[in-house]
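Enquirer: Here you go, one structure.
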Amino acid sequence: MQAIELKNINFQYPLQDKKILDTINFTANYGEISLITGHTGSGKSTILNIMGGIIPNIIQGEICGQVYIDGEEQLGKKLSYICRKVGVVLQNADLQIVHKIVEDEIAFGLENLAFPAAKIACQIDLVCALLQLEKDWETRTLSGGQKQRLITASTLAMGQKIIILDEPLANLDKKSSIALMEILKSLAIAGYCVIIIEHRLDMLLEYVDCVWSLKQGKLVKVHNIRLHMQEQVAKMNDSATPFYENNEKIFSLQHVGYKVRTHYGTKTILKDITVDIEKGSRTILLGENGSGKTTLLRLLAKLYKPTSGNIEQYFYKRKSAKSQKELDRKFDKGRKAKKKKWFDTIGIVAQNPDYQLFMPTVLQEIAFRAKSKEYALEIAELFGLTSILNRHPQSLSQGQKRRVSIASVVVGEQEVLLLDEPTVGQDYESVCELVAILNTLHERTNNTMITITHDMRCVEALCDKAILIEDGIVADIGGKELVKKYFNI
Numbered sequence: 134m135q136a137i138e139l140k141n142i143n144f145q146y147p148l149q150d151k152k153i154l155d156t157i158n159f160t161a162n163y164g165e166i167s168l169i170t171g172h173t174g175s176g177k178s179t180i181l182n183i184m185g186g187i188i189p190n191i192i193q194g195e196i197c198g199q200v201y202i203d204g205e206e207q208l209g210k211k212l213s214y215i216c217r218k219v220g221v222v223l224q225n226a227d228l229q230i231v232h233k234i235v236e237d238e239i240a241f242g243l244e245n246l247a248f249p250a251a252k253i254a255c256q257i258d259l260v261c262a263l264l265q266l267e268k269d270w271e272t273r274t275l276s277g278g279q280k281q282r283l284i285t286a287s288t289l290a291m292g293q294k295i296i297i298l299d300e301p302l303a304n305l306d307k308k309s310s311i312a313l314m315e316i317l318k319s320l321a322i323a324g325y326c327v328i329i330i331e332h333r334l335d336m337l338l339e340y341v342d343c344v345w346s347l348k349q350g351k352l353v354k355v356h357n358i359r360l361h362m363q364e365q366v367a368k369m370n371d372s373a374t375p376f377y378e379n380n381e382k383i384f385s386l387q388h389v390g391y392k393v394r395t396h397y398g399t400k401t402i403l404k405d406i407t408v409d410i411e412k413g414s415r416t417i418l419l420g421e422n423g424s425g426k427t428t429l430l431r432l433l434a435k436l437y438k439p440t441s442g443n444i445e446q447y448f449y450k451r452k453s454a455k456s457q458k459e460l461d462r463k464f465d466k467g468r469k470a471k472k473k474k475w476f477d478t479i480g481i482v483a484q485n486p487d488y489q490l491f492m493p494t495v496l497q498e499i500a501f502r503a504k505s506k507e508y509a510l511e512i513a514e515l516f517g518l519t520s521i522l523n524r525h526p527q528s529l530s531q532g533q534k535r536r537v538s539i540a541s542v543v544v545g546e547q548e549v550l551l552l553d554e555p556t557v558g559q560d561y562e563s564v565c566e567l568v569a570i571l572n573t574l575h576e577r578t579n580n581t582m583i584t585i586t587h588d589m590r591c592v593e594a595l596c597d598k599a600i601l602i603e604d605g606i607v608a609d610i611g612g613k614e615l616v617k618k619y620f621n622i
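Take the working numbering: the last position of the sequence shown gets the number 622, and nothing is skipped along the way.
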């Protein structure tokens with residue numbers, strides 16, 4: 134039975150010179166999982182917003198065509214009416230979380246739909262068990278993957294028979310991704326309509342019933358997408374930059390721990406981290422959602438202070454400095470540098486690009502830390518951003534925001550580059566391009582690159598050394614063989 138139908142949909146955002154959707158037609162049935170894929174910025178989230186009533190109720194633009202849910206035309210209906218039929222999980226978890234406690238967050242939607250108190254309690258218990266959440270967790274202390282599970286749980290709890298998810302696997306580890314897809318598959322078998330917008334095809338192709346591809350404003354059904362995916366991944370790993378051995382340390386962590394105070398007491402995130410990171414290496418941090426990887430990255434960046442143990446940070450002399458005297462003044466090898474000097478030499482790419490983008494145009498964002506406007510333009514071209522230089526960064530798709538956020542950091546040519554989920558929102562070709570750019574810049578500047586990723590498409594190509602974190606400690610250290618073991622590649 135047909136759940137959603139889009140007929141001859143055209144859409145154009147204000148102040149843009151062409152349509153992002155051009156006469157598209159789409160159907161999704163109850164009892165099926167439909168996948169929509171396509172290049173970064175192609176308009177996939179726009180389709181979600183139309184099906185969910187966000188366009189035109191919240192996001193404005195010029196739209197024509199028909200949107201049918203259960204055979205009823207939806208354009209012109211209030212968002213509150215559509216929300217009773219369609220549950221939407223947005224790409225950015227932070228935009229959906231409004232409460233401090235997990236239990237309250239899940240209850241919020243149920244209360245708005247006037248569920249009885251007993252039913253609300255039952256639904257909260259059910260989805261927390263399904264998605265491995267604790268009701269008393271504070272939402273501000275959750276990892277990116279745990280937040281993703283929370284907003285998914287909040288949507289599933291409301292019980293709409295049509296569920297649309299925008300990049301639900303973006304920040305999830307492999308175990309959590311498989312668990313979520315198993316839940317969605319069981320819902321489809323039970324008669325739900327599930328529509329997923331996702332780039333990590335390797336994690337979900339075996340679960341979906343049909344695949345749609347959006348390209349240049351056109352949406353078509355596709356077949357044999359797996360072969361193209363495998364070819365792209367093989368090409369990316371074959372072209373990975375070789376690593377040369379180097380025993381010089383840039384970080385040395387001894388018995389590092391980190392605790393945070395919550396409403397319910399003290400929460401231990403890291404217990405005892407002891408590990409060295411070598412200068413010029415490409416290190417991958419592995420571990421399940423909530424294991425403390427992002428916290429460790431923030432400790433390395435001095436955004437957090439360890440509650441126990443010690444982090445030694447060693448600094449090395451830049452080749453670009455004008456004189457040895459200047460070198461000696463700026464960097465003191467083997468000693469802790471002053472905080473200001475450290476932040477001049479470290480680049481941090483946050484998990485959520487919205488937290489980093491603050492300038493009125495993409496060009497100004499990239500040029501903010503650049504040594505010259507010419508170099509900013511060079512980096513923009515390298516990242517494929519020249520066509521959107523005059524756009525406001527917050528008007529971009531999540532994948533485009535990610536590229537801008539990385540470009541605006543690496544333009545500073547820092548010695549240390551900390552990357553938290555750098556490939557979120559990237560299709561396979563974009564992942565290949567982004568990995569090639571990062572490895573090229575790594576080879577050019579000899580930076581030390583430390584990356585958190587759950588994306589098995591690119592993890593080998595960014596890895597010389599892998600560190601596995603479990604239960605707040607370093608559980609294993611290795612190279613690509615550890616990555617293959619962890620992802621079961």
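Here a beta-carbon is modelled for each residue, glycine too, at the ideal position from N, C-alpha and C.
1. Quick one: measure Cβ to Cβ for residue 207 and residue 196, integer angstroms, because I've assumed they're closer than 8 angstroms.
2. Please state if the CB of residue 347 and the CB of residue 176 are separated by a distance shorter than 9 angstroms.
3. Can you check DSSP and say which residues form a bridge with residue 395?
4. Residue range of the beta strand (DSSP E) that residue 539 falls in?
5. Starting from residue 238, follow the alpha helix (DSSP H) in both directions and report where the run begins and ends.
6. Where does residue 573 land, buried or exposed, given buried means 16+ other C-beta within 10 angstroms?
7. Please tell me whether residue 163 and residue 326 are closer than 9 angstroms, where the distance is taken between their beta carbons.
8. Using 9 angstroms as the threshold, is the C-beta distance between residue 534 and residue 588 below it?
9. Can you tell me which residues form a DSSP beta bridge with residue 598?
10. For residue 642, write down the residues that DSSP places opposite it in a beta bridge.
11. Within this structure, are the beta carbons of residue 411 and residue 443 separated by less than 9 angstroms?
12. Closer than 8 angstroms is the cut-off here; do at least three beta carbon pairs connect the region 164-174 with the region 552-571?
13. Distance, Cα to Cα, residue 293 vs residue 331?
14. Within this structure, are the beta carbons of residue 329 and residue 168 separated by less than 9 angstroms?
15. Contact between the region 515-527 and the region 544-551: three or more CB pairs below 8 angstroms?
16. Quick one: grab the DSSP three-state call for residue 560.
17. Which residues does DSSP pair with residue 551 in a beta bridge?
18. Does DSSP classify residue 620 as helix, strand or coil?
19. Do residue 598 and residue 316 come within 9 angstroms of each other at the CB atom, strictly closer than that value?
20. Pairs of beta-carbons, one from the region 429-444 and one from the region 279-295, closer than 8 angstroms: are there three or more?
21. Give me the residue from 220, 447, 584 with the minimum Cα distance to residue 243.
22. Is the beta carbon of residue 276 less than 9 angstroms from the beta carbon of residue 426?
23. Closest by CA to residue 419, which one among 165, 510, 614?
24. Around the Cβ of residue 461, are there at least 16 other Cβ atoms within 10 angstroms (buried) or fewer (exposed)?
25. Among 401, 156, 143, 557, which residue has its Cα nearest to the Cα of residue 274?
26. For a quick check, are the C-beta atoms of residue 531 and residue 225 less than 9 angstroms apart?
27. Could you give the distance in angstroms between the alpha-carbon of residue 160 and the alpha-carbon of residue 191?
28. How far does the alpha helix (DSSP H) with residue 182 in it extend, from its first residue to its last?
29. Quick check on residue 485: buried or exposed, where buried means 16 or more other Cβ atoms within 10 Å of its Cβ?
30. Just to confirm the assignment, what range does the beta strand (DSSP E) spanning residue 171 have?
31. Can you name the start and end residues of the beta strand (DSSP E) that residue 280 belongs to?
Expert: According to the structure shown:
1. Not really, about 11 angstroms apart at Cβ, beyond 8 angstroms.
2. yes
3. 398
4. Element bounds for residue 539: not the beta strand (DSSP E) but the alpha helix (DSSP H), 531-543.
5. 235-245
6. exposed
7. yes
8. no
9. 416
10. Since the first residue of the chain shown is 134 and the last is 622, residue 642 is not available in this structure.
11. no
12. yes
13. 21 angstroms
14. yes
15. no
16. coil
17. 481, 583
18. helix
19. no
20. no
21. 220
22. yes
23. 614
24. Confidence at residue 461 is low in this model, with a pLDDT of 46, below 50, so its placement is unreliable and the value that follows should be read with caution. The residue in question, residue 461, is exposed, as its Cβ has fewer than 16 Cβ neighbours within 10 Å.
25. 401
26. yes
27. 24 angstroms
28. 177-184
29. buried
30. 166-171
31. Premise fails: residue 280 lies in the alpha helix (DSSP H), 277-291, not in any beta strand (DSSP E).
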